[in-house]
Amino acid sequence: MSTQNRRHFLGTAAAALAGASLFPGRAAGRPILGRTPADLPALLGGIPVHKGAWPKWPEWRQAWEPSILNVLRSGRWYRGEPGDQIPRFEEAYAKLLGAKRCLATASGTTALYVAMHVLDVDAGDEVIVSPFTFIASYNAILMLKALPVLADTDPATLTIDPASIESRITDRTRAIMPVHISGMPCDMDPIMAVAARHRLRVVEDACQAWLAEYKGRKCGTIGDLGCFSFQNSKHLPSGEGGAITGNSDDLIDRAGSFHDCGRPYGGFKGKPNFTRGGNFRIQHFQAAMLLQQLDKLVTDTARRREHASRLTSALQDIPGIRTVRLPQNSTAVWHLYPFRYDAEKFEGLSRATFIKAMRAEGIPCSTGYQEQYFDGLLDETIASRGFKRLFSERRLKEYRDSFNELKGNREVCATTVAIGQNMLLAERAEIDQIAAAVQKIQANAGALKKAES
Ligand SMILES: Cc1ncc(COP(=O)(O)O)c(C=O)c1O
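This is the structure in structure tokens:
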């Protein structure tokens, strides 16, 4: 909010309060009707529920530094040198996930790109994907000159609605990309069943789902291949970085070759230039950082989970707040903790003002992903020379029109509010303050609404 708008807001707020007689005794310093400045929304001049900073992210420990220095002093910095950090990380990460193999890559985007290439997604193919995701999921498909076909989002789970997949399959469909967004597992059984019925490959975008579990299996180990991101904000960060996990030696060896200029890799050793490729390699420095943080990932994940369930218990009884439903026997890891906001149950208070009011209470939060298929990226795709060559005009028109059918996703984009993963690492009392702030805004929604208009 600009200073001017904020002043206008506060001015209107004060008038609204005067009208509502919330603080008739305030001038005399005596709260009336049991109301104190602590009950008043901070946006209307009250005392914020939370003071001070939330845990900072990422976290680095001095004790981890020798491993980085060792790489630095060895001069073996890139994957082609016989350093041991990358293979050690790949082995440890695969073991942690219960996958047979892991290939570390330069990023989550390149992991998705390489994984789809080895699953034979090619120019002119179609891949069905969750629309409610970071834009990289769409981009990785577009990089292969394939069409990201958007299934709908289930408003109850915020993940792909398995029932919406089948009607989107065409004779060009090659793969499905479920996205375990915010570390919330997609309902994989029906997705795998549709894939099996139509002989489609499944690449899990688990870029936000390190250690998330679905029916006893880790996300990223259920489909043909799984992809992870280790970018700076992630629960296992190394600035940039990614990984592909899977149980097929052939697929991981092909991925190893393709990600390293097509050089022979694993089972393909001794077969020079047998495949295309690029440079999508991670460095030993990054692998050293990742290796050091694996134990922390496990303990942080347990803490986030405990705090997320505490928060869910507190939020679910507040009118107008809908917490997320997870598939049965699954556990999320909460890269973001999202919930849905029903303005009607908050006296018509807009989501934007709800978020401002939360921020004023010292609780940073934001909207989730927006309807990014209307942002221009896919229009640019449709208008491009390459895609016009690869797809008929009729298909591209039908494709563009299909964005209007994403009713579940539209609802999700319009109503989601999310807090960051770092906040779930705070103290238990601070988790309770998140719910207390929502409750305070709910109790004062009428006054906030009046101030809004
Ligand atoms: C859901 C999802 N997919 C893909 C990616 C891409 O990962 P990266 O940024 O490492 O390329 C991200 C990263 O934020 C992501 O959140």
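Okay, so the sequence shown: first residue is 504 according to my numbering, each after it adds one. Yeah, the Cβ is synthetic: ideal placement off N, Cα and C, and Gly gets one too.
{"Item": "Any 3 or more C-beta pairs closer than 8 Å across the region 686-695 and the region 827-835", "Value": "yes"}
{"Item": "Any non-hydrogen atom of ligand 1 within 7 Å of Cys-916 CB", "Value": "no"}
{"Item": "Under the three-state DSSP convention, the category Ser-869 falls into", "Value": "strand"}
{"Item": "Among Gly-723, Val-552, Gly-583 and Leu-547, nearest to Asp-766 - alpha-carbon criterion", "Value": "Checking the sequence, you will find Arg at residue 766 rather than Asp. If we check each option's Cα against that of Arg-766, Gly-583 comes out closest."}
{"Item": "Leu-698 vs Val-706 beta-carbon contact at 8 Å", "Value": "Correcting the residue identity first, residue 698 is Ala in this sequence and not Leu. Taking 8 Å as the Cβ cut-off, Ala-698 and Val-706 do not qualify as a contacting pair."}
{"Item": "Rounded Cβ spacing between Thr-919 and Thr-870 (contact assumed at less than 8 Å)", "Value": "6 Å"}
{"Item": "CB-CB length for Gln-711 against Pro-822, believed under 8 Å", "Value": "Between Pro-822 and Gln-711 the Cβ distance is about 29 Å, and since that is not below 8 Å, they are no contact."}
{"Item": "Residue range of the alpha helix (DSSP H) that includes Ala-618", "Value": "611-621"}
{"Item": "Boundaries of the beta strand (DSSP E) in which Ser-640 is found, first to last residue", "Value": "Unbroken run through Ser-640 is the alpha helix (DSSP H), 639-646; no beta strand (DSSP E)."}
{"Item": "Contact between the region 745-764 and the region 722-732 (3+ Cβ pairs under 8 Å)", "Value": "yes"}
{"Item": "Those residues which DSSP pairs with Lys-943 across a bridge", "Value": "DSSP output for Lys-943 lists no bridge partner at all."}
{"Item": "Spatial distance of Val-941 from Tyr-840 (CA atoms)", "Value": "14 Å"}
{"Item": "Local conformation of Cys-605 per DSSP, three classes", "Value": "strand"}
{"Item": "Unbroken alpha helix (DSSP H) run spanning Gly-889, endpoints", "Value": "888-893"}
{"Item": "Endpoints, the beta strand (DSSP E) within which Leu-749 is located", "Value": "In the sequence under discussion, the amino acid at residue 749 is Gly, which differs from the Leu named in the question. Per DSSP, Gly-749 belongs to the beta strand (DSSP E) from 745-749."}
{"Item": "C-alpha gap between Pro-534 and Pro-544, whole angstroms", "Value": "For Pro-534, the predicted structure reports a pLDDT of 38, less than 50, and the residue's modelled location is therefore unreliable. The matter cannot be settled from this model."}
{"Item": "One or two residues paired with Gln-786 in a DSSP bridge", "Value": "Tyr-581"}
{"Item": "Heavy atom of ligand 1 within 7 Å of Ala-758 beta-carbon", "Value": "no"}
{"Item": "Reduced DSSP secondary structure (H/G/I, E/B, other) of Arg-704", "Value": "strand"}
{"Item": "Reduced DSSP secondary structure (H/G/I, E/B, other) of Lys-953", "Value": "helix"}
{"Item": "Residues that DSSP places opposite Arg-825 in a beta bridge", "Value": "Arg-843"}
{"Item": "Contact under 8 Å by Cβ, Gly-939 with Val-617", "Value": "According to the sequence displayed, residue 939 carries Ala and not Gly. Not closer than 8 Å, so no."}
{"Item": "Boundaries of the alpha helix (DSSP H) in which Met-861 is found, first to last residue", "Value": "854-863"}
{"Item": "Short Cβ contact (8 Å threshold) for Phe-842 with Arg-825", "Value": "yes"}
{"Item": "Which listed residue (Ala-556, Ala-602 and Pro-651) has its alpha carbon closest to that of Arg-898", "Value": "Pro-651"}
{"Item": "At least 3 beta-carbon pairs within less than 8 Å: the region 575-590 vs the region 801-809", "Value": "no"}
{"Item": "For Lys-598: DSSP bridge partner residues", "Value": "DSSP lists no partner for Lys-598."}
{"Item": "beta-carbon Ala-954 near ligand 1 non-hydrogen atom, thresh 7 Å", "Value": "no"}
{"Item": "As assigned by DSSP and simplified to three states, the class of Ala-650", "Value": "Note that residue 650 is Leu in the sequence shown here, rather than Ala. Leu-650: strand per DSSP, three-state reduction."}
{"Item": "Option nearest Gln-924 by Cα separation, candidates His-762, Lys-737 and Tyr-902", "Value": "Lys-737"}
{"Item": "Pair within 8 Å by beta-carbon distance, Gly-719 and Ala-709", "Value": "no"}
{"Item": "Gln-588: CB within 7 Å of a non-hydrogen atom of ligand 1", "Value": "no"}
{"Item": "Inter-residue Cα distance where the pair is Leu-633 and Asp-664", "Value": "According to the sequence provided, residue 633 is Ser. The question's Leu does not apply to it. In a straight line, the C-alpha of Ser-633 is about 8 Å away from that of Asp-664."}
{"Item": "Local Cβ density within 10 Å of Thr-673, reported as buried at 16 or more and exposed below that", "Value": "exposed"}
{"Item": "Ala-659 versus Pro-830, Asp-904, Tyr-872 and Ile-858, residue with shortest Cα-Cα distance", "Value": "Pro-830"}
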